[in-house]
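I have placed the structure first, in the form of structure tokens, so that the comments after it can refer back to it.
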Amino acid sequence: MIDMQLQKYELKNCNSFELKDIFDCGQCFRWNEEEDKSYTGVFKGNVLNVKKVGEDVYFEGVCNDDIEKICREYFDLDTNYEEIKSRLSNIDEHLKKSVEYGKGIRILNQDLWETIISFIISANNNIPRIKVIIERMSAKYGNKIEYNGKEYFTFPTINELRKASVEDLRGFGMGFRDKRVHDTTEIFFNRVMSIEELQQEKDVDVLREKLMSLPGVGRKVADCVMLFSLKRYDVFPVDVWIRRVMNELYIKEEDESKVSKELLQNLAREKYGNLAGIAQQYLFYYRRSS
DNA sequence: ACCCAGGGTCGTC
DNA sequence: GACGACCCTGGG
């Protein structure tokens with residue numbers, strides 16, 4: 005059992021790090037803004053508050069490991085976003101504008117299991133509702149952590165979520181996604197597939213295929229999982245917003261629904277190369293916010 | 001009151 | 001490959 009203790013860590017003169025951009029760009033569902041404009045979230049069994057003052061970032065939280073180590077990994081602090089942004093900005097004016105708008109975005113390194121389940125829930129759903137469902141699920145099946153006089157709940161592990169019946173899941177407001185979440189959980193519980201084997205798989209196509217064999221995981225969810233929890237910055241998840249913005253910027257088809265996913269993926273690979281996933285995030289955030 | 005959309009996926013034709 | 005259904009909730 006690991007000691008849970010309050011820890012602090014600060015980062016001076018941090019560039020490419022804006023709380024709003026990171027937490028509201030659509031990659032995560034469990035971070036909420038506080039009255040003082042800081043954000044508090046739960047991830048990988050930790051509760052963390054992040055505050056930015058000037059160019060300095062202050063982390064404080066109840067952590068199950070060294071807070072600096074946790075933050076370096078989760079916030080992708082060893083990746084040079086200044087360089088990524090400059091490479092993307094040079095591609096064209098559209099990307100330049102998107103990068104300027106979302107200049108503080110970082111792709112979080114999220115928990116693989118949590119990301120799989122969260123994005124199964126995201127299918128044909130909206131973000132506020134996705135967040136509510138995940139909170140209810142965590143409150144019922146996760147572990148309680150107290151921080152700053154409030155109660156927080158970790159995202160349920162495979163073994164914890166396994167206790168939920170399809171009806172229990174439906175009760176959280178999941179709708180038709182209940183069976184998908186339940187059946188995917190069973191697959192991991194019975195070790196038909198394992199988190200470790202997914203983490204170790206190097207071939208992006210094999211990995212995608214494995215993910216897509218899970219109930220509720222199609223191409224888009226698989227790509228989000230790879231981008232948001234496996235550092236596959238080269239994959240390009242195509243959703244309604246990306247289809248919309250790509251069509252507006254490059255294709256200009258009258259009926260955007262007629263633009264095929266394949267065309268968009270090829271276009272993204274040509275234009276953005278191995279940074280397509282990060283480009284997707286800037287474009288998504290820019291288009292959805294304006 | 002009714003219709004439509006929301007970070008899609010699945011079964012069917 | 002295209003097409004419609006799908007839980008549910010909020011907004012027009």
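For the first sequence, my numbering gives the first residue as 5, with consecutive numbering after it. We put the beta carbon where it would ideally sit given N, CA and C, even for glycine.
Outcome for Arg181 when other beta-carbon atoms lying within 10 angstroms are tallied against a minimum of 16
Looking up residue 181 in the first sequence gives position 177. Arg181 comes out buried.
Measure the C-alpha to C-alpha separation of Asn94 and Gln11 and round it to an integer number of angstroms.
Taking the first residue of the first sequence as 1, we reach residue 94 at position 90. Taking the first residue of the first sequence as 1, we reach residue 11 at position 7. It is roughly 40 Å from the alpha-carbon of Asn94 to the alpha-carbon of Gln11.
Run through the DSSP bridge pairs and tell me what Gly45 is partnered with.
Position 41 of the first sequence, counting from 1, holds the residue named residue 45. Answer is Trp35 and Leu52, bridged to Gly45.
Which word fits Ser303, buried or exposed, when buried means at least 16 other C-beta atoms lie within 10 angstroms of its C-beta?
This structure cannot speak to residue 303, because the chain is shown only from 5 to 294.
When DSSP labels each residue in this structure, what does Cys67 get in the three-state scheme?
The residue labelled residue 67 in the question sits at position 63 within the first sequence. In the three-state scheme derived from DSSP, where H, G and I count as helix and E and B as strand, Cys67 is classed as strand.
Give a yes or no on whether the C-beta atoms belonging to Tyr111 and Leu231 are separated by under 8 Å.
As a position in the first sequence, residue 111 is number 107, starting the count at 1. As a position in the first sequence, residue 231 is number 227, starting the count at 1. Contrary to the premise, residue 111 reads as Ile rather than Tyr in this sequence. Judged by their CB atoms, Ile111 and Leu231 are nearer to each other than the 8 Å cut-off.
Looking at Phe295: is its Cβ nearer than 8 Å to the Cβ of Glu118?
The displayed coordinates of the chain run from 5 to 294. Any statement about residue 295 would go beyond what the structure contains.
Confirm, please, whether the CB-CB distance from Phe47 to Tyr78 is below 8 Å.
The count along the first sequence starts at 1 and reaches residue 78 at position 74. The count along the first sequence starts at 1 and reaches residue 47 at position 43. Yes; because the gap between Cβ atoms is below 8 Å, this pair is in contact.
Pairwise C-alpha distance: Phe288 and Val249:
As a working mapping, residue 249 is identified with position 245 in the first sequence. As a working mapping, residue 288 is identified with position 284 in the first sequence. When rounded, the distance between both Cα atoms is 8 Å.
Whole angstroms is fine: what's the gap from Lys41's alpha carbon to Leu52's?
Numbered from its first residue, the first sequence carries residue 41 at position 37. Numbered from its first residue, the first sequence carries residue 52 at position 48. Between Lys41 and Leu52, the alpha-carbon positions lie close to 14 Å from each other.
In terms of DSSP beta bridges, what is Ile149 paired with?
The residue given as residue 149 occupies position 145 in the first sequence. According to DSSP, which records beta bridges pairwise, Ile149 is partnered with Tyr156.
Residues in the same chain with beta-carbon distance under 6 Å from Lys183, minus the five sequence neighbours each way, listed in chain order, please.
Locating residue 183 in the first sequence gives position 179, counting from the first residue. Result list for Lys183: Val170, in chain order.
Rounded to whole angstroms, how far is the Cβ of Ser122 from the Cβ of Ile138, which I believe are closer than 8 Å?
Here residue 122 refers to the residue found at position 118 when the first sequence is read from its first residue. Here residue 138 refers to the residue found at position 134 when the first sequence is read from its first residue. Right, their Cβ atoms sit about 6 Å apart.
Are the CB atoms of Val57 and Tyr43 nearer to each other than 8 Å?
Taking the first sequence and counting its residues from 1, the one referred to as residue 57 is at position 53. Taking the first sequence and counting its residues from 1, the one referred to as residue 43 is at position 39. Cβ atoms of Val57 and Tyr43: not closer than 8 Å.
What does DSSP give as the partner residue(s) for Leu10 in the beta ladder?
Walking along the first sequence from the start, residue 10 turns up at place 6. Leu10 is bridged to Val66.
Any idea what DSSP makes of Val61, helix, strand or coil?
Within the first sequence, residue 61 is the residue found at index 57, counting from 1. Note: Val61 maps to strand in three-state DSSP.
If you draw a straight line from the C-alpha of Val229 to the C-alpha of Glu59, how long is it?
Counting from 1 along the first sequence, the entry for residue 229 is found at position 225. Counting from 1 along the first sequence, the entry for residue 59 is found at position 55. Across the structure, Val229 and Glu59 are spaced so that their CA atoms are roughly 30 Å apart.
N-terminal and C-terminal residue of the alpha helix (DSSP H) that Arg184 is part of
Counted from its first residue, the first sequence places residue 184 at position 180. Per DSSP, Arg184 belongs to the alpha helix (DSSP H) from Asp182 to Phe193.
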